[in-house]
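Here the structure is laid out as structure tokens; the discussion comes afterwards.
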Amino acid sequence: MKIGRLTILGVGLIGGSLALALKKRGVVEQVTGWSRREQTLQKALELGVIDRAEPDPGAAVQGAEIAVIGVPVGAMESLFRRLAPHLEAQTVLTDVGSTKGSVVEAARRAFAEPPPLFVPGHPVAGTEQSGVEAAFAELYQDRRVILTPLPGTDRDASSRIRTMWEQCGAEVVEMEVAHHDQVLAATSHLPHMLAYTLVDSLARMEESEEMFRLAAGGFRDFTRIASSDPQMWHDICLANRDALLVMLERFSADLARLKDAIREGEGEHLKQTFLRAKRARDRFCG
Ligand code: NAP
Numbered sequence: 028m029k030i031g032r033l034t035i036l037g038v039g040l041i042g043g044s045l046a047l048a049l050k051k052r053g054v055v056e057q058v059t060g061w062s063r064r065e066q067t068l069q070k071a072l073e074l075g076v077i078d079r080a081e082p083d084p085g086a087a088v089q090g091a092e093i094a095v096i097g098v099p100v101g102a103m104e105s106l107f108r109r110l111a112p113h114l115e116a117q118t119v120l121t122d123v124g125s126t127k128g129s130v131v132e133a134a135r136r137a138f139a140e141p142p143p144l145f146v147p148g149h150p151v152a153g154t155e156q157s158g159v160e161a162a163f164a165e166l167y168q169d170r171r172v173i174l175t176p177l178p179g180t181d182r183d184a185s186s187r188i189r190t191m192w193e194q195c196g197a198e199v200v201e202m203e204v205a206h207h208d209q210v211l212a213a214t215s216h217l218p219h220m221l222a223y224t225l226v227d228s229l230a231r232m233e234e235s236e237e238m239f240r241l242a243a244g245g246f247r248d249f250t251r252i253a254s255s256d257p258q259m260w261h262d263i264c265l266a267n268r269d270a271l272l273v274m275l276e277r278f279s280a281d282l283a284r285l286k287d288a289i290r291e292g293e294g295e296h297l298k299q300t301f302l303r304a305k306r307a308r309d310r311f312c313g
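Throughout the sequence shown, residue numbering follows my numbering, covering 28 to 313 in sequence.
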């Protein structure tokens, strides 16, 4: 598939990497970018991530075959509202937000009914870096992208977005919005909460400097994601509050049980827990 005109609204790590991936593979002829700050647009032009900078989002989507929203999930509704009067009938609209229920609700509020050519999406790929400078063409290679088309979503529009991601090297899966939010609460949102809380707990201890100096590779591996953008994660937690709270309750109960086992010296409980976890992770990583 060739894309004549692609518009990226929010040219950061995720939107910028998509533009680079499609350009590298010769899929797209022209990429127009809109971003909140002028300096981001200038940087994106300099780095060759976009070909044309447009300071107005409505003007940026004029004539676009595909428009991709790459702003934090808490900023989507106001961007949808700015786009609503300008979206043309042929433009397929998609987003890359980490939560899907909140984005679909935002689209409902902004457009009255989500447009049939709106295909909610989420590339399950990223790094702890952010900003257009961090964008790279291989980000989606061998990674998954989840699409959550709605009952009214046009099948051709979904299939164009599927093909676009496949052309970046990704494997595309489809699921329902609520299921996406439950799965991601467990596998992405909960781990980010654990990493942020662990680092913050230690950072607030008096001897934190010495502890961080002596921390080994395991600590680095486990806490890498605590370097992710705080604003983005603020938005995700609040946007997926219900599913995340379910997972936090469940995890807190398991942690409380582990604490009891340590206090009571229940070695068998500890061994069984670690063994189940090791087997599950070895299988999943293997
Ligand atoms: P990013 O690198 O920080 O880029 C964010 C983009 O959104 C920039 O263009 C920024 O504009 C713009 N922006 C930030 N705040 C805004 C606001 N309040 N109003 C309008 N525009 C705003 O972020 P990212 O990592 O690409 O994430 C973008 C989206 O992808 C988010 O919805 C996130 O949930 C999702 N996502 C992220 C990851 C990940 O690992 N990072 C993975 C999958 C999905 P300026 O630079 O001009 O300020």
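For every residue, glycine included, the Cβ atom is placed at its ideal position computed from N, Cα and C.
Closest option to Glu115, judged by alpha-carbon separation, among Asp281, Leu285, Ala288 and Thr34: Thr34. Glu233 and Gly39 have their C-alpha atoms spaced approximately 36 Å apart.
Inside the segment 116 to 184, DSSP marks whole alpha helix (DSSP H) runs of 4 or more residues at positions 128 to 138, from first to last along the chain. Look at Gln194 here: in three-state DSSP terms it is coil, with no helix or strand label.
Bounds of any alpha helix (DSSP H) do not take in Ala213, whose DSSP letter is neither H nor E. C-alpha of Ser255 to C-alpha of Ala139: approximately 33 Å in a straight line.
The beta-carbon distance between Gly148 and Thr180, rounded to whole angstroms, is 11 Å. This is too long to meet the 8 Å contact definition. Per DSSP, the beta bridge partners of Glu201 are Leu174. The residue among Ala162, Pro143, Val204 and Trp192 with its C-alpha nearest the C-alpha of Arg182 is Pro143. Between Asp227 and Thr250, the alpha-carbon positions lie close to 10 Å from each other.
Relative to the non-hydrogen atoms of the ligand NAP, the Cβ of Asp256 comes within a distance shorter than 7 Å of at least one. In this structure, the beta-carbon distance from Leu174 to Val199 falls below 8 Å. Met220 has its CB no nearer than 7 Å to any heavy atom of the ligand NAP.
Of His296, Leu68 and Arg310, the smallest CA-CA separation from Glu81 is found for Leu68.
Excluding sequence positions up to five before and after Leu106, its CB lies within less than 8 Å of the CB of Leu36, Gly37, Pro84, Ile96 and Val98, all in the same chain and listed in chain order. When the beta-carbon positions are compared, Gly31 and Glu65 stay at least 8 Å from each other. Straight through space, the alpha carbons of Val146 and Pro178 are spaced by roughly 11 Å. For Arg108, same chain residues with a beta-carbon under 6 Å away, outside a window of 5 residues either side, are Ala137 in chain order. With a cutoff of 8 Å on beta-carbon distance, Thr154 and Ala164 are scored as not near each other.
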